[in-house]
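2 protein chains.
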Amino acid sequence: MATPRRRATIHDVAEHAGVSIGTVSRALNDRTGVHPDTRLRVLASAAALTYDPDKAARELSNRRAVDIALSVAHGYRRLTPFFGLFLQHLSEQLAVEGLQVREVASGDDGLPVRDADAFVLLDAHPDDPRIGHLARLGRAFVLVGHAHDVRCVAADDVAGGRIAAEHLLRLGHVDSVHLTADLHAQAFADRAHGFATAFEAAGAGQPTTIVADDASTLGGYRAMRAHLEGGTRPGAVFAATDELAIGCVTAAADLGMRVPSDLSVVGFDDLPELGARLTTVRQDIALLARETVTLLHEALAGAAVRAVRLPVTLVSRGTTAERRNR
Amino acid sequence: MATPRRRATIHDVAEHAGVSIGTVSRALNDRTGVHPDTRLRVLASAAALTYDPDKAARELSNRRAVDIALSVAHGYRRLTPFFGLFLQHLSEQLAVEGLQVREVASGDDGLPVRDADAFVLLDAHPDDPRIGHLARLGRAFVLVGHAHDVRCVAADDVAGGRIAAEHLLRLGHVDSVHLTADLHAQAFADRAHGFATAFEAAGAGQPTTIVADDASTLGGYRAMRAHLEGGTRPGAVFAATDELAIGCVTAAADLGMRVPSDLSVVGFDDLPELGARLTTVRQDIALLARETVTLLHEALAGAAVRAVRLPVTLVSRGTTAERRNR
DNA sequence: ACATTGCACGTAAGCGCTTTCAGCACGTCA
DNA sequence: TGACGTGCTGAAAGCGCTTACGTGCAATGT
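Going down the list, the protein sequences come from chains Z and S.
Its first residue numbered 2, the first sequence is counted upward by one per residue in the working numbering.
Its first residue numbered 2, the second sequence is counted upward by one per residue in the working numbering.
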């Protein structure tokens with residue numbers, strides 16, 4: 002049975018290596034002024050004892066115990082795969098700096114419940130009450146998404162819509178439709194705008210927009226299926242989300258259409274598993290996380306508010322093809 | 002602009018209240034030996050300074066810096082609303098004890114990447130490689146779900162299936178079907194088993210089982226729709242999940258059937274938003290979180306392995322009704 | 001009257017770590 | 001030879017907190 006192992010401390014390592022704790026600390030943290038031989042000896046001892054520095058002690062000593070609270074609009078209940086991934090990258094990114102997400106919660110009123118040093122707001126509409134709340138309290142926060150006059154970061158959604166349009170246009174799909182959900186959400190509005198603008202600029206007219214009940218795969222499926230069954234048979238669809246796109250693909254398949262020969266579909270996000278085969282507008286979630294952390298530091302330092310837009314790229318996979326004559 | 006506020010320390014509070022730091026600590030932690038008046042004064046000072054004790058320092062002092070890693074099978078990518086809620090309760094529960102989930106991650110190989118003191122495994126099949134891995138390492142862990150010979154906790158799925166059956170039977174639905182996904186998952190297998198057993202015990206025969214491609218709302222929708230379109234029109238369906246149930250309800254609606262008059266549906270889990278109107282088998286997620294923490298402590302203490310089953314209850318809402326003659 | 005209790009509180013040690021500072025053993029330059 | 005770096009290391013302070021331990025004081029007992 003697992004003996005309740007006592008964690009090795011820096012003292013144990015020091016003793017084992019025959020040096021002082023100061024030297025161990027320096028060696029382990031790549032500080033200068035340690036003889037190479039000594040460093041090696043310390044490293045070996047640390048490995049031998051499976052030494053794992055105590056986070057709390059390290060934080061305390063570093064006096065960089067920054068509490069970072071992550072606030073998701075509806076708790077985890079509506080956590081999308083996208084935000085799930087983001088979260089993972091965020092905590093990895095913070096771990097690099099020895100920081101960490103301390104708590105993940107928001108009260109029933111939607112307001113962050115904890116008095117942290119800094120907040121990351123997910124899933125916020127521009128008029129989200131949390132923004133005013135935090136601003137009023139003078140707390141550091143960064144919004145993942147977009148709003149005016151607040152520190153925020155998000156993909157360049159307009160550009161995303163545009164490159165989706167250009168891709169489709171290049172393939173000859175002048176009769177594309179746009180499948181989205183809740184245009185009240187800034188990201189969706191921007192993507193729709195970028196898409197429509199590019200179409201008009203190309204003289205292809207205003208594309209039809211289908212609004213699903215929600216941004217789930219089911220939402221996308223039903224909206225698309227209804228549209229397809231309505232008689233109109235567009236050659237391509239740009240879905241505002243990979244999940245919506247999956248719904249599209251599934252709906253098309255259920256109606257006997259083939260993707261991409263009968264219907265091209267391009268998604269948005271590039272979620273690993275979900276869209277492994279999907280042509281989609283990729284946003285770099287790792288980069289998003291890194292930028293979030295940067296902004297977090299700026300917020301803590303009291304720097305000027307700025308909004309950052311992250312580039313997106315189109316990754317062409319199996320769900321788009323040239324328009325066939327019909 | 003938010004001045005980079007310096008956090009108040011226990012010394013500030015002590016000075017403000019005109020007492021020593023020891024007294025502040027005792028007052029704030031409900032220790033005995035503090036005069037009621039003094040306690041009040043300290044509390045007031047703490048509030049005035051918005052004092053928020055430094056977690057790191059507290060942990061260090063308490064030497065209960067227990068690293069608890071939460072391991073989700075596929076990262077957050079497949080985090081279901083159910084596990085999302087569970088996570089929330091778990092971190093709340095741990096917060097009560099001054100503990101916290103330190104990291105939430107699993108490597109690309111699916112194995113937990115961090116060397117924590119204890120692990121919470123979500124979403125694990127009984128033959129999940131993580132179980133053997135952790136056991137081999139002699140690490141403390143608890144599995145949320147079921148498997149043989151490991152410390153685990155889960156709802157009483159068999160009973161859940163049974164009470165769903167009894168509810169439906171009581172309403173006269175002898176022609177119920179069971180909608181599930183991936184019977185390889187222990188929970189789903191158990192629910193199906195409980196359901197079928199109760200039906201047979203009542204002399205109602207073996208209920209039809211429909212297996213959806215996945216446990217999403219879309220999966221439930223498509224499976225149910227296909228079944229319904231196939232001609233058979235069951236009077237009721239027991240879905241292994243609230244999400245599947247939502248899919249059912251939606252499919253029925255899309256086919257012009259009315260719930261519950263044409264089709265009764267009962268779900269499983271009782272997720273707040275999702276199933277607000279759903280008749281469902283409720284599991285107490287908060288309790289699940291509490292039990293998880295209890296088992297975690299047992300694991301850390303090296304107690305004997307035990308598996309716990311949590312009771313479930315049927316909550317009857319708007320999606321079930323008595324069988325009509327047809 | 002004094003010794004004894006018990007309560008409320010202050011003092012200080014210590015949790016495991018980082019980092020400054022001083023010291024020591026060299027070598028270098030005049 | 002002595003004054004001076006230079007490179008490496010140990011000692012010790014301190015991060016913010018909890019918690020023995022000790023002390024002063026009033027209340028109690030004799």
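Note that the Cβ used here is the ideal one computed from N, Cα and C, for glycine as well.
Nothing here was measured: the structure is a model prediction, and the numbers come from that model.
DSSP three-state assignment for residue i, whether helix, strand or coil
{"i": "residue 174 of chain S", "result": "coil"}
{"i": "residue 188 of chain Z", "result": "helix"}
{"i": "residue 141 of chain S", "result": "strand"}
{"i": "residue 329 of chain Z", "result": "Within the shown structure, residues of chain Z are numbered from 2 to 327, placing residue 329 of chain Z beyond reach of any answer."}
{"i": "residue 202 of chain Z", "result": "helix"}
{"i": "residue 131 of chain Z", "result": "helix"}
{"i": "residue 325 of chain Z", "result": "coil"}
{"i": "residue 240 of chain Z", "result": "strand"}
{"i": "residue 364 of chain S", "result": "Past the boundaries of the shown model lies residue 364 of chain S; chain S is included only from 2 to 327, so the question cannot be answered."}
{"i": "residue 72 of chain S", "result": "strand"}
{"i": "residue 8 of chain Z", "result": "coil"}
{"i": "residue 1 of chain S", "result": "Because chain S here runs from 2 to 327, residue 1 of chain S falls outside it and cannot be looked at."}
{"i": "residue 1 of chain S", "result": "Since the first residue of chain S shown is 2 and the last is 327, residue 1 of chain S is not available in this structure."}
{"i": "residue 82 of chain S", "result": "helix"}
{"i": "residue 19 of chain S", "result": "coil"}
{"i": "residue 126 of chain Z", "result": "coil"}
{"i": "residue 162 of chain S", "result": "helix"}
{"i": "residue 3 of chain S", "result": "Caution is warranted here: a pLDDT of 34 is assigned to residue 3 of chain S, below 50, making its placement in the model unreliable, and the coordinate value is therefore given only provisionally. It is coil, neither helix nor strand."}
{"i": "residue 55 of chain S", "result": "coil"}
{"i": "residue 13 of chain S", "result": "helix"}
Residue range of the unbroken alpha helix (DSSP H) whose run includes residue i
{"i": "residue 24 of chain S", "result": "22-29"}
{"i": "residue 47 of chain S", "result": "37-49"}
{"i": "residue 222 of chain Z", "result": "218-230"}
Residue i, enclosing beta strand (DSSP E) - first and last residue
{"i": "residue 314 of chain Z", "result": "313-316"}
{"i": "residue 209 of chain S", "result": "209-213"}
{"i": "residue 151 of chain S", "result": "It is not in any beta strand (DSSP E) - residue 151 of chain S carries neither H nor E in the DSSP assignment."}
{"i": "residue 119 of chain S", "result": "119-123"}
Inter-residue spacing [alpha-carbon to alpha-carbon] between residue i and residue j
{"i": "residue 187 of chain S", "j": "residue 142 of chain S", "result": "19 Å"}
{"i": "residue 206 of chain Z", "j": "residue 200 of chain Z", "result": "6 Å"}
{"i": "residue 5 of chain Z", "j": "residue 50 of chain Z", "result": "Residue placement at residue 5 of chain Z is poorly supported in this model, since its pLDDT is 44, which falls under 50; the coordinates still yield a value, given next. For residue 5 of chain Z and residue 50 of chain Z, the distance between alpha carbons rounds to 15 Å."}
{"i": "residue 238 of chain Z", "j": "residue 167 of chain Z", "result": "13 Å"}
{"i": "residue 128 of chain Z", "j": "residue 249 of chain S", "result": "35 Å"}
{"i": "residue 56 of chain Z", "j": "residue 39 of chain S", "result": "34 Å"}
{"i": "residue 14 of chain Z", "j": "residue 41 of chain Z", "result": "12 Å"}
{"i": "residue 267 of chain Z", "j": "residue 37 of chain Z", "result": "55 Å"}
{"i": "residue 234 of chain S", "j": "residue 94 of chain Z", "result": "52 Å"}
{"i": "residue 45 of chain S", "j": "residue 140 of chain Z", "result": "22 Å"}
{"i": "residue 147 of chain Z", "j": "residue 172 of chain Z", "result": "31 Å"}
{"i": "residue 169 of chain Z", "j": "residue 194 of chain Z", "result": "16 Å"}
{"i": "residue 316 of chain Z", "j": "residue 240 of chain Z", "result": "14 Å"}
{"i": "residue 229 of chain S", "j": "residue 180 of chain S", "result": "12 Å"}
{"i": "residue 17 of chain S", "j": "residue 25 of chain S", "result": "10 Å"}
{"i": "residue 157 of chain Z", "j": "residue 132 of chain Z", "result": "21 Å"}
{"i": "residue 84 of chain Z", "j": "residue 91 of chain Z", "result": "10 Å"}
Neighbour list for residue i in chain S, Cβ cutoff strictly below 8 Å
{"i": "residue 26 of chain Z", "result": "By Cβ distance, chain S contributes nothing, its closest Cβ being about 16 Å from residue 26 of chain Z, past 8 Å."}
{"i": "residue 248 of chain Z", "result": "219"}
Residues that residue i contacts on chain Z, provided the C-beta gap is smaller than 7 Å
{"i": "residue 271 of chain S", "result": "Near residue 271 of chain S there are no residues of chain Z at all, since even the closest Cβ is about 12 Å away, more than 7 Å."}
{"i": "residue 230 of chain S", "result": "Per Cβ cutoff of 7 Å: no residues; residue 230 of chain S is ~11 Å from chain Z at best."}
Amino acids of chain S, ordered along the chain, whose beta-carbon sits closer than 7 Å to that of residue i
{"i": "residue 52 of chain Z", "result": "Within 7 Å Cβ-Cβ: nothing; residue 52 of chain Z doesn't reach chain S, min ~10 Å."}
Listed by chain order, chain Z residues near residue i by CB distance under 8 Å
{"i": "residue 251 of chain S", "result": "219 and 223"}
{"i": "residue 255 of chain S", "result": "223"}
For this session: Let me know the alpha helix (DSSP H) ranges lying completely inside the region 245-308 of chain Z, each 4 residues or longer, listed in chain order.
Result: Along the length of the region 245-308 of chain Z, whole alpha helix (DSSP H) runs at least 4 residues long occupy 286-302, reported in chain order.
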